[in-house]
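Numbering (full-length UniProt numbering), first residue to last: 1 to 450.
Don't be surprised by glycine CBs; every beta carbon is placed ideally from N, CA and C.
Presented below is the structure to which this report refers.
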């Protein structure tokens, strides 16, 4: 209740007036944030109001289910990306992750996923193909990426590779290898030179030289000529760690593109009612190069994924990374959801000079003030969906925080205990007990009456 004397003074100065309820309601100091979705990941707003995010929710002004996340080290982006992945698995969906840095290893172990090191990956472009007329062009694109990750092959090269695929398929079918493409081109080189020109015949030498390192006797042959490909169609949660391949950029681009083709096939062949998500973490490393084929594949895949209830997620170290390659820019432009976490100060200032209209004045200032996740104990981010944007926090329970954390000490402790044979669930409780704040929360939860 207001003090009587204060009320009398307010009345004398006209501070208290009789009014209709309509006017009174509009003058009330009440601010309501957009709650976004009815369910999903809990992301309280900066005014501490409840909000949820579900990238598959069609009530939002999004044109697709794709998302692009950027944030410097320590921003909490791995925790946020892991949370998005788990929300898909909780709905019975499938998730495939390509990562550099083991950010998803603990979650994969805890959630019963399949963890694959890049060095052990094995592919065969011709495996699982049932109709060559439908698959030939996609296999041709894959071989073009293998031969030239930077997209230096022209239409003549592509036509010759396509001919080699379609002509060799009836004889070998699923047992076909890249060697058979090379073998066909060499056999037909003289005839093609006579029929067309020595210039076109010379293109065959270029193709066979470029593809040679992926033949069974080539330096990368073991990766692309397996009779039993590593990736199976029944994998619900698969994490592929590509860190061991980052020094071999051509091989890395080829493997990533091959995984994306596999994931595209998964999206198209599984029921549309099932949610499917593919996440490329450390995208600035994995989406390097300027190949128009990779760019076109991403644009086509990102645009058509929604029809099949599919989503592509891209995670990078800075928002400027979207401009490092045509593939990264295509991923950014074709993602309705933008998660902008804490940015490196110097890089963010440079980005503001390059693209001053990317954010409003308030958004520029707020993003600069985002605290490190370790210090604040939550991830701060700007969520942009279409023309709408809002500021949120991701606050996790102690066990999920320990599971998803990519902090050096957390990762080291998890790896050490896993090597000792400890169960991941026991490890998470140990990590919580080693932190006073988390220990208090766990104790409080245990004391609660259900």
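Identify the continuous beta strand (DSSP E) that holds residue 469 and give its terminal residues.
The displayed coordinates of the chain run from 1 to 450. Any statement about residue 469 would go beyond what the structure contains.
Can you tell which of 20, 40, 45, 38 has its C-alpha closest to the C-alpha of residue 31?
Within the chain shown, the letter at position 31 stands for residue 31. Measuring from the Cα of residue 31, the nearest candidate turns out to be 45.
Whose CA, out of 17, 35, 34, lies closest to the CA of residue 27?
For the purposes of this step, residue 27 is taken as the residue at position 27 of the chain shown. Residue 27 has its Cα closest to that of 17, out of 17, 35, 34.
Jot down the residue ranges of each uninterrupted alpha helix (DSSP H) in the region 312-397, minimum 4 residues, whole runs only, in chain order.
As far as the region 312-397 is concerned, its whole alpha helix (DSSP H) runs of at least 4 residues are 326-333, 345-354, 361-368, 373-376.
Taking all protein chains shown into account, decide if residue 373 is buried (16 or more other Cβ within 10 angstroms of its Cβ) or exposed.
For the purposes of this step, residue 373 is taken as residue 373 along the chain shown, with counting starting at 1. Result: buried.
Quick test of your reading: residue 101 and residue 406, contact by CB under 8 Å. State the CB separation rounded to the nearest angstrom.
Counting from 1 along the chain shown, the entry for residue 101 is found at position 101. Counting from 1 along the chain shown, the entry for residue 406 is found at position 406. So it is a contact: roughly 7 Å between Cβ atoms.
Touch check for the region 264-271 and the region 110-124: three-plus C-beta pairs under 8 Å?
Segments in contact, no.
Expressed to the nearest angstrom, what Euclidean distance is found between the alpha-carbon atoms of residue 108 and residue 114?
Along the chain shown, read from residue 1 onward, the residue named residue 108 stands at position 108. Along the chain shown, read from residue 1 onward, the residue named residue 114 stands at position 114. Going by the C-alpha atoms only, they are around 7 Å apart.
Select from 302, 318, 396 the residue whose C-alpha is nearest the C-alpha of residue 282.
Walking along the chain shown from the start, residue 282 turns up at place 282. Nearest option by C-alpha distance: 318.
Run through DSSP, which three-state label would residue 36 get?
The residue you call residue 36 lines up with position 36 of the chain shown. It is a strand residue.
Return helix, strand or coil for residue 310, following the three-state DSSP convention.
Taking the chain shown and counting its residues from 1, the one referred to as residue 310 is at position 310. DSSP places residue 310 in strand when its eight states are reduced to three.
Determine contact between the region 221-237 and the region 180-197, defined as no fewer than three beta-carbon pairs at a distance below 8 Å.
With a cut-off of 8 Å, the region 180-197 and the region 221-237 do not count as touching, because too few Cβ pairs lie within range.
Assuming contact is defined by CB atoms lying nearer than 8 Å, are residue 144 and residue 134 in contact in what I supplied?
The residue you call residue 144 lines up with position 144 of the chain shown. The residue you call residue 134 lines up with position 134 of the chain shown. Contact flag unset, no.
According to the neighbour-count rule (16 or more other Cβ atoms, all chains shown, within 10 Å of its Cβ), is residue 50 buried or exposed?
For the purposes of this step, residue 50 is taken as the residue at position 50 of the chain shown. So residue 50 counts as exposed.
Considering only C-alpha positions, which residue in the set 338, 437, 420, 425 is nearest to residue 506?
Within the shown structure, residues of the chain are numbered from 1 to 450, placing residue 506 beyond reach of any answer.
Please name the residue or residues paired with residue 52 in a DSSP beta bridge.
Here the question's residue 52 lines up with position 52 in the chain shown. Answer is 36, 42, bridged to residue 52.
Taking buried to mean at least 16 other C-beta atoms within 10 Å of its own C-beta, is residue 356 buried or exposed?
The sequence position of residue 356 within the chain shown is 356, counting from 1. With fewer than 16 Cβ atoms within 10 Å of its Cβ, residue 356 is classed as exposed.
Relative to the alpha-carbon of residue 371, which residue among 343, 409, 82, 298 has its alpha-carbon at the smallest distance?
As a working mapping, residue 371 is identified with position 371 in the chain shown. Checking every option, the nearest Cα to that of residue 371 belongs to 343.
By DSSP, does residue 141 sit in helix, in strand, or in coil?
Translated into positions along the chain shown, residue 141 becomes position 141. If DSSP states are grouped into helix, strand and coil, residue 141 belongs with the helices.
Tell me where the alpha helix (DSSP H) around residue 297 begins and ends.
Residue numbering aside, residue 297 sits at position 297 when the chain shown is read from its first letter. 292-304 is the extent of the alpha helix (DSSP H) around residue 297.
Do the region 58-75 and the region 293-309 meet, that is, are 3 or more Cβ pairs less than 8 Å apart?
In short, these stretches touch, since the Cβ pair count reaches three.
When you compare each of 4, 246, 235, 419 to residue 96 by their alpha carbons, which one comes out closest?
Numbered from 1 along the chain shown, position 96 holds the residue referred to as residue 96. Checked all of 4, 246, 235, 419; the closest Cα to residue 96 is 235.
Which ranges does the alpha helix (DSSP H) cover as unbroken runs of at least 4 residues, wholly within the region 257-287, from first to last along the chain?
As far as the region 257-287 is concerned, its whole alpha helix (DSSP H) runs of at least 4 residues are 283-286.
When the distance is taken between beta carbons, is residue 87 closer than 8 Å to residue 54?
One-based indexing of the chain shown puts residue 54 at position 54. One-based indexing of the chain shown puts residue 87 at position 87. In this structure, residue 87 lies closer than 8 Å to residue 54 by Cβ.
My output table needs one value for residue 156: the three-state DSSP class, helix, strand or coil.
As a first step, residue 156 must be located in the chain shown, where it is residue number 156. Helix at residue 156.
Which whole-angstrom value describes the C-beta separation of residue 73 and residue 404, a residue pair presumed to lie in contact below a C-beta threshold of 8 Å?
Taking the chain shown and counting its residues from 1, one reaches residue 73 at position 73. Taking the chain shown and counting its residues from 1, one reaches residue 404 at position 404. Going by Cβ atoms, the distance from residue 73 to residue 404 rounds to 15 Å, so no, they are not a contact pair.
Measuring CB to CB, does residue 260 end up less than 8 Å from residue 297?
Within the chain shown, numbered from 1, the residue matching residue 260 stands at position 260. Within the chain shown, numbered from 1, the residue matching residue 297 stands at position 297. Result yes, Cβ atoms of residue 260 and residue 297 sit closer than 8 Å.
Within this structure, are the beta carbons of residue 116 and residue 209 separated by less than 8 Å?
If you number the chain shown from 1, residue 116 lands on position 116. If you number the chain shown from 1, residue 209 lands on position 209. No. Outside cutoff.
Determine the DSSP secondary structure at residue 176, reduced to helix, strand or coil.
In the chain shown, the residue the question calls residue 176 occupies position 176. DSSP places residue 176 in coil when its eight states are reduced to three.
Mind checking residue 59: buried by the 16 CB within 10 Å criterion, or exposed?
The count along the chain shown starts at 1 and reaches residue 59 at position 59. Its Cβ having fewer than 16 others within 10 Å, residue 59 is exposed.
Does residue 91 pass the burial test, meaning 16 or more other C-beta atoms within 10 Å, or should it be called exposed?
Taking the first residue of the chain shown as 1, we reach residue 91 at position 91. Burial call: exposed.
Does residue 173 pass the burial test, meaning 16 or more other C-beta atoms within 10 Å, or should it be called exposed?
Position 173 of the chain shown holds residue 173. With fewer than 16 Cβ atoms within 10 Å of its Cβ, residue 173 is classed as exposed.
With residue 224 as the anchor, note down where its beta strand (DSSP E) starts and where it stops.
The count along the chain shown starts at 1 and reaches residue 224 at position 224. Not the beta strand (DSSP E): residue 224 falls in the alpha helix (DSSP H), residues 221-224.
Does the distance from the CB of residue 237 to the CB of residue 89 come in under 8 Å?
Within the chain shown, residue 237 is the residue found at index 237, counting from 1. Within the chain shown, residue 89 is the residue found at index 89, counting from 1. The answer is yes: Cβ separation under 8 Å.
My output table needs one value for residue 405: the three-state DSSP class, helix, strand or coil.
Taking the chain shown and counting its residues from 1, the one referred to as residue 405 is at position 405. Of the three classes helix, strand and coil, the one that applies to residue 405 here is coil, per DSSP.
Using 10 angstroms around the beta-carbon of residue 189, count the other beta-carbons present and answer buried if the total reaches 16, otherwise exposed.
Taking the chain shown and counting its residues from 1, one reaches residue 189 at position 189. By the 10 Å Cβ count, residue 189 comes out buried.
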